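Those letters in the first sequence? Residues 673 to 1179, per this note's numbering, in order.
Glycine is no exception: its CB is placed at the ideal position from the N, C-alpha and C atoms.
Small disclaimer: the values here were computed from a predicted structure and weren't measured.
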Amino acid sequence: MIFDNKFVQQRIEKANILKNAGYNPYANNSKRNTTIAKYLNVNADVANTESKRDEKRHYIVSGRIKLQRIMGKASFIKIEDESGMLQVYVARDNLPEGFYNDIFKKNIEVGDIVEVGGYPFVTGQGELSLHADSLQLLTKAISPLPEKFHGVTDKEIRYRKRYLDLIMNTKVKKTFQTRSKVISLTRRFFEDKGFLEVETPMMHPIAGGANAKPFVTHHNALSIDRYLRIAPELYLKRLIVGGFEAVFEINRNFRNEGMDATHNPEFTSIEFYWAYKTYKDLIRITKEYFEYLFDHLNLPTLLPYGDLEVNFANFQEIPLIESLTTIGGVPADVTGDATKIVEYLNAKGITVKPGLNLGQLQGELFDEFVEEKLIDPTFITEYPVEISPLARRSDENPAITERFELFIAGREIANAFSELNDPVDQLSRFEAQMAAKDSGDDEAHEMDSDFVEALSYGMAPTAGQGIGIDRLVMLLTNEHSIRDVLLFPAMKPISAEESVLQNTDEE
RNA sequence: GUCUUGUUAGCUCAGCUGGUAGAGCACGUCACUUUUAAUGAUGUGGCCGAUGGUUCGAAUCCAUCACAGGACACCA
């Protein structure tokens, strides 16, 4: 049974004692008239008065009891609401006859949510507190809180029972407040630039727009399978064909792949598409976007990330091939020759799948020797066409695309390019992806002929970009696991779960 | 998917080369009207992740499984 723990039983018994005495342990008559942060702010002046108190003021605040120090006929408790923590002085003689001994001391405890009324005063130790003349239990907690000093540190408990993590670890609350602000600021930034926020399907007949394995679900009425989207890209571009000139979508993508410190099966990204612009414009708007975020989040441009320090005033821009030599240290005569690259990689003890083309091998070199060295924000540009199936070719050099990826602290944060809008070229790139799929690449793009048809009606020259919001938040909050920036990260069930599909089929 | 390290009271953790389970916090009882992880006294609290094996005897050794952390592989 869920409540058979003896500590829980003990607390249920306390709730029952209160009920039997006609006292509701789940009262619904809160009269709170301020928050703790406001209380502390408004009454800060009390410290400067002679008596260190102002009995003419009166406030009602509410919160969860985090600490309780009972000293006979008087007690200190610390209560916490969303805004902060407040010390409350509770003395027997300021409360109704019998309340302090019979109700407060015996049946109210750490973890319970209470409401207190009283006046501000400063204790002998100099802490602005509340001198209580009323105290009411609002919610009896029947499960005890984790240890008051160490809190809950077990990662499994923190992720599975995030509410406990939030109760016990104030830093966690901060992280998710920052996350919320990042999303809100992102929305505002693009709206202010004239972008239209849109919502495109999450259930796709073809999982397109990225190299990834999709989740499959089933539509009963139509008897067809649908894929959870791996990217919104192809729908957003259809909207550009339709005549919208600047659109964005902030929402979830789903990829059926491994989980680790930087991958969750569902993750949030923003993708935005901008007609009559190129990837050069995207570099400019991206810099502006970061400036906007740092400004509104009050972050220093020298931002610590683990052992690293990232200088957000030092955006760099370098073509991929050039970075292989200048940053990766790969000799220039190697980087343009597939055979020499394989030899070079083998000499370094790295084996690659046979049959990779030049562009793919350059990608290997980049992943191996360059990526982790990109600490300050760096736009890597001019990607080989072989690893950029949706990007527009450079007019000067058809082997490379008008594309960049933004790397910060050794990690990819954004991916952007001037979009391919030649429908015949797009068709042949899909066909190449089909060939790759046939030869065993199960992450190659699917043919999406409806999308190619959309392009056939003409898409204005367009630049598009995706930014991984989770990784961005990790960077801004100095967190090193994606689970620490997701309120409810994906976890395996503790006991074997039956297949959801089987259950619904029976209905 | 592979390797690796964990899993002991509600929480944080001890428990050595096998000999019937420990602390702190929390909780109960008592004392205490300005404390700061309040303090002092005292008591309750455990299927040692699960299942097998070795052994006279297993929290401890071995195997399998489950879950989690870390690393690698794949990716964003």
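In this chain, the beta strand (DSSP E) harbouring VAL794 covers 785 to 794.
Taking a contact as a CB-CB distance under 8 Å, the pair GLU981 and LEU974 counts as one, their CB atoms being some 6 Å apart.
Residue pairing by DSSP places GLN808 opposite GLU787 in a beta bridge. Sixteen is the threshold: when 16 or more other Cβ atoms of the shown chains lie within 10 Å of the Cβ of ASP837, as they do, the residue is buried. A distance below 7 Å between beta-carbons, with the five flanking residues on each side excluded, links SER941 to the following residues of its chain, in chain order: ASN925, GLY1138, ILE1139, GLY1140, ILE1141.
The three-state secondary structure of SER1100, taken from DSSP, is helix. The Cβ atoms of PHE1051 and LEU1078 lie closer than 7 Å to each other.
Following the DSSP letters along the chain, one finds LEU975 inside the beta strand (DSSP E) bounded by residues 974 to 977. Between the beta-carbon of ARG736 and that of ILE749 there is about 10 Å, and that puts the pair past the 8 Å contact cut. Taking a contact as a CB-CB distance under 8 Å, the pair ASP1120 and ILE878 counts as one, their CB atoms being some 5 Å apart.
Taking a cut-off of 8 Å for Cβ pairs, the stretch 789 to 807 and the stretch 712 to 731 touch, as three or more such pairs fall below it. Nearest to SER1111 by C-alpha distance, out of PHE939, PHE679, GLY1027, is GLY1027. The residues ASN1150, in chain order, have a CB closer than 7 Å to that of PRO976 in the same chain once the five nearest residues on each side in sequence are set aside. Between ASN970 and ALA1162, the gap from beta carbon to beta carbon reaches 7 Å or more. Rounded to whole angstroms, SER1090 and SER702 show a C-alpha spacing of 56 Å.
Pairing GLU1044 with ALA1081, the inter-Cα distance amounts to about 7 Å. Going by beta carbons, VAL760 and VAL788 fall inside the 7 Å limit. Nearest to THR811 by alpha-carbon distance, out of GLU1103, ALA687, ASN983, LYS678, is ALA687. Non-local C-beta neighbours of TYR948 in its own chain, meaning closer than 8 Å and more than five positions away in sequence, comprise GLU917, ALA1132, PRO1133, THR1134, ordered along the chain.
Secondary structure note for ILE732: it is in no alpha helix (DSSP H), and the uninterrupted beta strand (DSSP E) holding it is 731 to 743. In its chain, beyond the 5 residues on either side, LEU969, VAL1145, LEU1148, THR1149 have a beta carbon closer than 8 Å to the beta carbon of THR850.
In the structure shown, SER852 adopts helical secondary structure according to DSSP, grouped into three states.
In the three-state scheme derived from DSSP, where H, G and I count as helix and E and B as strand, LEU1092 is classed as coil.
The three-state secondary structure of LYS750, taken from DSSP, is strand.
The Cβ atoms of THR707 and SER755 sit closer than 7 Å to each other. GLU1036 and GLN988 have their C-alpha atoms some 21 Å from each other.
Counting C-beta pairs with one atom in each stretch, the stretch 764 to 777 and the stretch 675 to 683 have fewer than three that are closer than 8 Å, which means they do not touch. Boundaries of the alpha helix (DSSP H) harbouring MET840: 834 to 840, taken from the DSSP string.
Between PRO1061 and the set LEU807, GLN1098, SER895, THR934, the nearest pair of CA atoms involves GLN1098.
The DSSP assignment places 905 to 913 as complete runs of the alpha helix (DSSP H) inside the stretch 845 to 920, in order along the chain (cut-off: 4 residues). Secondary structure at ASN983: strand, using DSSP grouped into helix, strand and coil.
Taking C-alpha positions only, LEU1092 is separated from GLU943 by approximately 16 Å. In this structure, DSSP gives MET757 an extended state, which the three-state scheme calls strand. The criterion of a C-beta distance shorter than 7 Å is not satisfied by ALA804 and VAL844.
Between the alpha carbons of TYR961 and VAL1057 lies a gap of roughly 27 Å.
GLY866 is positioned such that its CB atom lies no closer than 7 Å to that of ASN841.
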